[in-house]
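Please read the structure below before turning to the comments.
Residue numbers (the working numbering): 1 to 472.
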């Protein structure tokens, strides 16, 4: 726990520095884990805190474990050797569960939305709603049933109920629709430089909102195709055909790498990304995963050296449970994927195109599926500046599906969404540790369980969420 509390402190330090630079005001000494302190901050300060919280959520312990489980990385020392063999506890997601509900999470976002509404700043309000939708929607993808309708109101709901996963997704889709309407209104002073990604540009954020909608619709495709109770839940989450709605949203989504939503970082030590901090301070705990390394090598994919640097054993990854000493390491050098100031993708042009490709495949619409697949790779070529090989434009059947999901798996390196893809599709096909199943759900954070009687004990929690009815 000490490691990630330290990381959080560094991340908050980045927000304090950014807040002073962007707003021209002194940052109030707000305890990021005390929501009762939030109302004293300004709109820009609250938004900066929420951006930092979101960046931490996208780079923290949960995505670190999921990248290990799906063999992009490998746990090779200390407790990470246990994670590599699927041993984890409720404490392992405690910080990230708390990120949704404390400090820069929902308390700051709700207060900021109130201030933006009072000031008539609808375009600013729309951006804040997207941040809320991301945290809550991704939270539901991790934990399933979560607190939402009774969240951030401890006086009225001291022991908030868990909302059903599908109801949370439905609410998040409505929130994103509202965000798009706010952004389209053009009303009020934009967020400006307080928005670390796009300077308040409403058109960029409209595309992000649509891509996020498409992602969340895809989360329910497995359930809708499964039939029965799972399909009924999917109907609630999507309010219709999840595949068709994903296509409609993705077509209006992020359409160039310039519009990618990223976790932004700076050159100073206090501003560096969480992956860099972890690899620098805990060298050897996590190494390259054998499957991803061998995949990139076999395909002559130039992202190999962008993602990894050779270890003492060369450019080789560690298999699940192997604990290979000298395995290749995450590239934190200047120009590497996790360099100190490197932005970490949250939602991208490439993902949006791969969503289209997968959805068209399900509709047996092969020509646009192939086109979207190649467009997704082209987005990656533009993002990385590397000459990534383009797939054939004439793929069909299982070969097409496998190529879509493998390209997405490689493109979403270090991104929590790659785990959601694996749970939904069981692709890529992985040789797991002792043929055991890869975990499909995290336990609720221990702090939440101990403070909220509505959260069940770990032994009473499901091993998978309702949007994931079929094990791999």
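Beta carbons are placed, not taken as given, at the ideal position from N, Cα and C, and that holds for glycine. As the structure is a computational prediction, the values presented were derived from the model and not from experiment.
Taking residue 150 as the reference, which of 459, 45, 110 and 416 has the closest Cα? Closest option to residue 150, Cα to Cα, is 110.
Assuming residue 208 and residue 261 form a contact by the criterion Cβ under 8 Å, report the distance between their Cβ atoms to the nearest whole angstrom. In this structure residue 208 is in contact with residue 261, their Cβ atoms being roughly 5 Å apart against a cut-off of 8 Å.
Could you tell me the alpha carbon to alpha carbon distance between residue 468 and residue 213, rounded to whole angstroms? Rounded to the nearest whole angstrom, the C-alpha separation of residue 468 and residue 213 is 18 Å.
Which residues mark the beginning and the end of the beta strand (DSSP E) in which residue 262 is found? Looking at the DSSP string, the run of the beta strand (DSSP E) that includes residue 262 is 261-263.
Would you kindly check if the distance between the Cβ of residue 106 and the Cβ of residue 117 is under 9 Å? Here residue 117 is not near residue 106, since their CB atoms are 9 Å or more apart.
So the alpha helix (DSSP H) residue 211 belongs to, where does it begin and stop? From DSSP, the alpha helix (DSSP H) with residue 211 extends over 202-218.
In the segment 332-395, which residue ranges form an unbroken beta strand (DSSP E) of at least 3 residues, counting only runs that do not cross its ends? Listed in chain order, the complete beta strand (DSSP E) runs (minimum 3 residues) inside the segment 332-395 are 344-347.
Can you tell me whether DSSP reads residue 163 as helix, strand or coil? Residue 163 falls in the strand class under three-state DSSP.
Classify residue 388: buried if its beta carbon has 16 or more other beta carbons within 10 angstroms, exposed otherwise. Buried, since its Cβ has 16 or more Cβ neighbours within 10 Å.
Mapping DSSP to helix, strand and coil, what is residue 401? Note: residue 401 maps to helix in three-state DSSP.
In this structure, how does DSSP classify residue 146 when only helix, strand and coil are distinguished? Strand, per DSSP.
So which of 165, 136 and 141 has the shortest CA-CA distance to residue 152? Nearest Cα to residue 152 within the set 165, 136 and 141: 136.
Nearest to residue 218 by alpha carbon, out of 169, 191 and 206? Per the Cα distances, 169.
For residue 374, the nearest candidate out of 345, 245, 408 and 384 (CA to CA): Distances from the alpha-carbon of residue 374 to those of 345, 245, 408 and 384 put 408 closest.
Taking residue 81 as part of the beta strand (DSSP E), name the residues at either end of that continuous run. That residue, residue 81, is in no beta strand (DSSP E); its alpha helix (DSSP H) goes 79-83.
Rounded straight-line distance, which links the Cα of residue 352 to that of residue 248: Rounded to the nearest angstrom, the two C-alpha atoms are 11 Å apart.
C-alpha distance - residue 455 paired with residue 303, whole-angstrom precision: So the alpha carbons of these two residues sit roughly 42 Å apart.
Own chain, CB closer than 8 Å to residue 523, minus 5 neighbours either side, in chain order: This structure gives no information on residue 523, because the portion of the chain shown stretches from 1 to 472.
Taking the alpha-carbon of residue 322 as reference, which of 334, 81 and 430 has the nearest alpha-carbon? For residue 322, the nearest C-alpha among the options comes from 81.
Helix, strand or coil for residue 316 per DSSP? Residue state for residue 316 is assigned as coil, using DSSP reduced to three classes.
Distance, residue 93 Cα to residue 65 Cα: Distance between the alpha carbons of residue 65 and residue 93: 10 Å.
Span of the alpha helix (DSSP H), counted from its first residue to its last, around residue 451: Membership of residue 451 in the alpha helix (DSSP H) is indicated by the continuous run 446-451.
When 317, 339 and 320 are compared against residue 269, the one with the closest alpha-carbon: Nearest neighbour of residue 269 by Cα position, chosen from 317, 339 and 320, turns out to be 339.
Name, in chain order, the residues that DSSP records as bridge partners for residue 287. Partner(s): 74.
How far does the alpha helix (DSSP H) with residue 281 in it extend, from its first residue to its last? Per DSSP, the unbroken alpha helix (DSSP H) holding residue 281 starts and ends at 274-281.
Within 9 Å, strictly: CB atoms of residue 462 and residue 412: No, the Cβ-Cβ distance between residue 462 and residue 412 is not below 9 Å.
Tell me whether the beta-carbon of residue 316 lies closer than 9 Å to the beta-carbon of residue 357. Not in contact: residue 316 and residue 357 (Cβ atoms no closer than 9 Å).
Contact with chain D by residue 461, beta-carbon distance below 9 Å: The structure shown contains no chain D, having only a single protein chain.
With respect to the alpha helix (DSSP H) encompassing residue 56, which residues constitute its N-terminal and C-terminal limits? 43-59 is the extent of the alpha helix (DSSP H) around residue 56.
Kindly give me the distance between the Cβ atoms of residue 274 and residue 139, rounded to whole angstroms, as I take these residues to be in contact under 8 Å. Rounded, the Cβ-Cβ distance is 18 Å, inconsistent with contact.
Specify, as a first and last residue, the run of the alpha helix (DSSP H) that residue 306 falls within. Run containing residue 306: 303-307, per the alpha helix (DSSP H) assignment.
Can you list, in chain order, the residues of its chain with a C-beta nearer than 6 Å to that of residue 465? Leave out the 5 residues immediately preceding and following it. Excluding residues up to 5 positions away in sequence, 144, 165 and 441 lie with their Cβ nearer than 6 Å to the Cβ of residue 465 in the same chain.
Go ahead and label residue 301 buried or exposed: buried means 16 or more other beta carbons lie within 10 angstroms of its beta carbon, across all protein chains shown. By the 10 Å Cβ count, residue 301 comes out buried.
Under 9 Å, do residue 70 and residue 422 count as touching if we go by C-beta distance? Using a Cβ distance threshold of 9 Å, residue 70 and residue 422 count as a contacting pair.
Under 9 Å, do residue 307 and residue 292 count as touching if we go by C-beta distance? Yes. Within cutoff.
Can you give me the C-alpha to C-alpha distance between residue 202 and residue 178, rounded to a whole angstrom? Cα to Cα, residue 202 sits roughly 13 Å from residue 178.
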